[in-house]
Amino acid sequence: PYEVLIIGGGPAGAAAAVYAARKGIRTGIVAERFGGQTMDTLGIENFISVLETEGPKFAAALEAHVRHYGVDIITLQRVAKLEAAAQPGGYASVVLDNGAVLKARSVILATGARWRNINVPGEQEYKTKGVAYCPHCDGPLFKGKDVAVIGGGNSGVEAAIDLAGVVKSVTLLEFADQLRADAVLVDKLKSMPNVTIHTNAQTLEVTGDGQKMNGLRYKDRVGGAEHKLDLAGVFVQIGLVPNTEFLKGTLELSKFGEIIIDAKCHTSLAGVFAAGDVTTVPYKQIIIAAGEGSKAALSAFDYLIRTPAP
Ligand code: FAD
-15 PYEVLIIGGG
-5 PAGAAAAVYA
5 ARKGIRTGIV
15 AERFGGQTMD
25 TLGIENFISV
35 LETEGPKFAA
45 ALEAHVRHYG
55 VDIITLQRVA
65 KLEAAAQPGG
75 YASVVLDNGA
85 VLKARSVILA
95 TGARWRNINV
105 PGEQEYKTKG
115 VAYCPHCDGP
125 LFKGKDVAVI
135 GGGNSGVEAA
145 IDLAGVVKSV
155 TLLEFADQLR
165 ADAVLVDKLK
175 SMPNVTIHTN
185 AQTLEVTGDG
195 QKMNGLRYKD
205 RVGGAEHKLD
215 LAGVFVQIGL
225 VPNTEFLKGT
235 LELSKFGEII
245 IDAKCHTSLA
255 GVFAAGDVTT
265 VPYKQIIIAA
275 GEGSKAALSA
285 FDYLIRTPAP
């Protein structure tokens, strides 16, 4: 059995593991894929103190740091269920897909999130070759170029405003007949000279030359006409889905499915903490996830020293 068992091996889980292990308590980490979303990232240029690195290189560094402290690492395993301890201070059960059960006095949930895809031809092929999901991360790569944003909710409109200050032009495509973002954001967007907005626009395909994307095709859902845009990049902004399917009914989730936490990463279950993209903490970024993971581990340690075994 573990004192702390961390579920998820992205930046949040790795930071939690390092902080927990450094307290000298028995720490385990179970992850489907160590590194999490950073394994899908080409360049990382905003992890402070690291000018520039690549996703898989960053993920390998996370794993090396965790291994250095002798943490028990279980990868390629998916958690199917969490069962809370029967009494405070008791053991929670973490059930894996393969049926194995891991016991721990405290659990840190760090299962991250995934960007919702548009599911059109070319999207997968040109991922990281023009198709992007994070304006804070990849916006500067498109400086002086033409890009599109797909999605006219708050995140899409915020992304378009953000990008308009960096790139040459932004075309925003919204499937519905109007933008769904807050009026103040829509007004701001409309005031920007290098932004074009198309509503009723259904994206059909991301086009490219086999190496990188060069544009997209969309259909006007009212007139039926098809259009082609020449673009260096497209930001897909139709939602970030937290990986909490296995937790439904176990603890409190927001209406978006995020784990609700307080400032100390407590969830609604005693002895269960959460950190990173899977939680209600705003701004889904590596450095934020890592900071939250550290905080969750310190809170778990605090819980362990204050809660005697039953
Ligand atoms: P994740 O990285 O999502 O890790 C989740 C972990 O949980 C993984 O190990 C996963 O395998 C595991 N897991 C999930 N479900 C289960 C389960 N049921 N059982 C077991 N394990 C499970 N941020 C930046 O700061 N800078 C960037 O440049 C940047 N670029 C990005 C580019 C792309 C393409 C993407 C997708 C994201 C980018 N981000 C960037 C965002 C950043 O990657 C995330 O904010 C960060 O990885 C979140 O860390 P996390 O640990 O909370 O979750």
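Going by this note's numbering, the first residue of the sequence shown is number -15, and it counts up by one from there.
Each residue gets a CB set at the ideal place from its N, CA and C atoms; glycine is no exception.
Counting other Cβ atoms within 10 Å of its Cβ, Gln195 stays below 16 and is therefore classed as exposed.
If you draw a straight line from the Cα of Val50 to the Cα of Ala94, it is about 15 Å long.
Following the DSSP letters along the chain, one finds Ala284 inside the alpha helix (DSSP H) bounded by residues 270 to 290.
At least one heavy atom of ligand 1 lies less than 8 Å from the C-beta of Cys118. Taking the Cβ atoms as the reference, Ala167 lies roughly 35 Å from Pro(-5), outside the contact range of under 8 Å. Judged by DSSP secondary structure, Gly217 falls within the beta strand (DSSP E) whose first and last residues are 217 to 220.
Between Ala88 and Leu253, the beta carbon gap of about 13 Å keeps them out of contact (Cβ cut-off 8 Å). With a cut-off of 8 Å on Cβ pairs, the segment 108 to 115 is not in contact with the segment 132 to 152, counting fewer than three such pairs. Note on Phe18: 16 or more other CB atoms within 10 angstroms of its CB, so buried under the neighbour-count rule.
Counting only residues of its own chain and dropping the five nearest sequence neighbours on each side, Thr59 has a CB closer than 6 Å to the CB of Ala15, Phe18. Lys279 counts as buried, since at least 16 other C-beta atoms from the protein chains shown sit within 10 angstroms of its C-beta. With a threshold of 16 other beta carbon atoms within 10 Å, Thr180 falls short and is exposed.
In this structure, Ile(-9) has its beta carbon less than 8 Å from a heavy atom of ligand 1. Sequence-distant partners of Ala281 (beyond 5 residues in either direction) whose C-beta falls short of 6 Å from its own C-beta, in its chain, are Ala0, Tyr3, Ala4. Cβ-Cβ separation between Tyr287 and Ser90: approximately 6 Å, consistent with a contact (criterion under 8 Å). Per DSSP, Gly39 is one residue of the alpha helix (DSSP H) stretching across 39 to 52. For Lys65, the enclosing beta strand (DSSP E) starts and ends at 63 to 67.
Here Phe42 is buried: its Cβ has 16 or more other Cβ atoms, across all protein chains shown, within 10 Å. With respect to the 9 Å criterion, Gly39 and Val115 are not classified as neighbours on the basis of their beta carbons. As a beta-bridge residue in DSSP terms, Tyr(-14) pairs with Ala88. Partner residues in the beta bridge of Phe257, as assigned by DSSP, are Ile92, His250. Unbroken beta strand (DSSP E) runs of no fewer than 3 residues, entirely contained in the segment 103 to 185, are found at 130 to 134, 153 to 157, 179 to 182, following chain order. Distance from the CA of Lys174 to the CA of Gln162, rounded to the nearest whole angstrom, comes to 13 Å.
Here Lys172 has Ile145 as same chain residues with Cβ atoms under 7 Å from its own Cβ, once five neighbours each way along the sequence are excluded. Pairwise C-beta distances place the segment 24 to 38 in contact with the segment 118 to 133, as three or more of them are shorter than 8 Å.
Ala4: member of the alpha helix (DSSP H) spanning -5 to 5, first to last residue. Nearest C-alpha to Trp99 among Phe219, Val170, Lys7, Asn82: Phe219. Under DSSP, no beta-bridge partner is assigned to Met23.
Of all alpha-carbon atoms in Pro294, Tyr267, Tyr75, the one lying nearest the alpha-carbon of Glu142 is that of Tyr267.
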